[in-house]
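Quick notes on the structure that follows.
Residue numbers (full-length UniProt numbering): 1 to 432.
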């Protein structure tokens, strides 16, 4: 058995993030080789479980019960197909000093016993609860597994302490309470664990960003009249999966009069000469996400489009300049314009347009940076955080708009941008 996640093997040094800020962050090749030290997956697994144990000890909980697939992967390093993301059919238990338990979808549990040697075989169990209600509570599976979970918690000596649950079906919450468990919010415990990335996580995030660099070069070459928004989405999906993406979560493609207000989608609209168009690539490599906007013009641009882009660039540069350990998120949010200054009635109506959000196994992790939430609830920016900063500026023509997003890694002294497709000036694709 691997020495990775067995409870008597985790050591204090497993919490060491192994950062190296001496030079530019590397974006290694995707395969393992004998001549370069690339991603160390055993170290990654030990770090993530150690972070979770520390966060659990710092909370009021004695146990974490996890249905969020990002949390399950973080704790147990298990993953099945993306179809399971919204089914709430898999779950993971971390209680006391015991090793993680994983209940997985039928034969996946057998697969884990055979191939995931960092897990205790007896802790890989087949199980399913409600699958979003398609298996009714009356069938008794929720009751069965709630009682099994309660028994394991009791055996670990944690039965008198709260159980942190990230999320679950409503009927499962009732079953857990009927089994005698005091259920509380566990998602904040997990987000606390996940907010600081180690060197291996940073490398995976950088590799993911480098894939999107390539997608934007392709988009720059393909943008022209006769091509539709959905054509760019299709070509981007193809290229990302060819490069090794494990999940293209979404691609926004917005052009012309659809740019303002931002609809957060794509259609079959044809690009036209002079259109402003922006895109967001949301995908993952080995689970680690990107959120990476770029704006282009097709063939030519107008002064008001250039002006909108210049303002969006100035706003994002102002926020990037503020990023360093110890700065609070309210300071960064204040670098962005108020909602009323770019055409929205209030901050909630403009939420997500001047925005920052953590990146990791999920698209939105800590910290969240927004005038809507950060001014009164600031969070400290810390070394090892990785997040995206994004700005949006409508043009004075009433329909065009510019959108820019950069991904940053917080280093010991400041930050490094890892989204590298050129964006200092408005790119004109296939200029006339």
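For glycine and all other residues, C-beta sits at the position ideal for the given N, C-alpha and C.
Quantities reported herein were computed from a predicted structural model and do not represent experimental measurements.
Do you know offhand how far residue i's Cα is from residue j's?
i, j, result
"residue 26", "residue 223", "30 Å"
"residue 338", "residue 128", "47 Å"
"residue 312", "residue 273", "22 Å"
"residue 160", "residue 96", "12 Å"
"residue 30", "residue 397", "44 Å"
"residue 424", "residue 306", "12 Å"
"residue 427", "residue 297", "6 Å"
"residue 35", "residue 247", "29 Å"
"residue 449", "residue 100", "The structure shown does not extend to residue 449, since the chain is modelled only from 1 through 432, so no value can be given for it."
"residue 266", "residue 352", "17 Å"
"residue 431", "residue 220", "11 Å"
"residue 70", "residue 186", "13 Å"
"residue 195", "residue 120", "27 Å"
"residue 208", "residue 243", "10 Å"
"residue 4", "residue 11", "Confidence at residue 4 is low in this model, with a pLDDT of 48, below 50, so the placement of that residue is unreliable and no value is reported for it."
"residue 457", "residue 151", "Outside the displayed span of the chain (1 to 432) sits residue 457, for which this structure offers no information."
"residue 24", "residue 130", "47 Å"
Whose C-alpha, out of the options, is nearest the C-alpha of residue i?
i, options, result
"residue 155", "22, 94, 354", "94"
"residue 237", "390, 200, 279", "279"
"residue 206", "228, 166, 283, 191", "283"
"residue 54", "16, 326, 249", "16"
"residue 295", "429, 211, 190", "429"
"residue 153", "125, 63, 323", "63"
"residue 125", "171, 87, 116", "116"
"residue 399", "123, 32, 260", "260"
"residue 136", "300, 165, 170, 151", "170"
"residue 390", "362, 358, 239", "358"
"residue 254", "404, 23, 18, 83", "404"
"residue 91", "172, 39, 111", "172"
"residue 262", "350, 85, 102", "350"
"residue 9", "118, 88, 65", "118"
"residue 257", "32, 395, 300", "395"
"residue 293", "287, 193, 281, 199", "281"
In the DSSP output, what is residue i paired with across the bridge?
i, result
"residue 407", "388"
"residue 254", "278"
"residue 416", "409"
"residue 63", "95, 163"
"residue 103", "91, 125"
"residue 295", "278"
"residue 289", "284"
Worksheet item: If you pair each beta-carbon of the segment 320 to 335 with each one of the segment 43 to 55, do three or more pairs fall below 8 Å?
Response: no
Practice prompt. Spell out a yes or no on whether the segment 372 to 379 and the segment 227 to 234 are touching, meaning 3 or more CB-CB pairs, one atom from each, closer than 8 Å.
Written response: no
Worksheet entry | Completely contained beta strand (DSSP E) runs for the segment 351 to 384, where each covers 3 or more residues | 355 to 358, 365 to 369
Worksheet item: Are the segment 383 to 390 and the segment 399 to 415 touching by the rule of at least three beta carbon pairs closer than 8 Å?
Response: yes
Practice prompt. Give, in chain order, every unbroken run of the alpha helix (DSSP H) that is at least 4 residues long and sits entirely within the segment 191 to 246.
Written response: 199 to 222, 229 to 243
Worksheet item: Hey, is the segment 47 to 54 in contact with the segment 71 to 80, meaning 3+ C-beta pairs nearer than 8 Å?
Response: yes
Fill in: Three CB pairs or more closer than 8 Å across the segment 104 to 118 and the segment 57 to 68
no
Item to complete: Answer yes if the segment 165 to 176 comes into contact with the segment 143 to 152, meaning at least three C-beta pairs across the two stretches below 8 Å, and no otherwise.
Response: yes
Discussion item. In chain order, what are the residue ranges of uninterrupted beta strand (DSSP E) at least 3 long that sit wholly in the segment 8 to 72?
Written reply: 63 to 66
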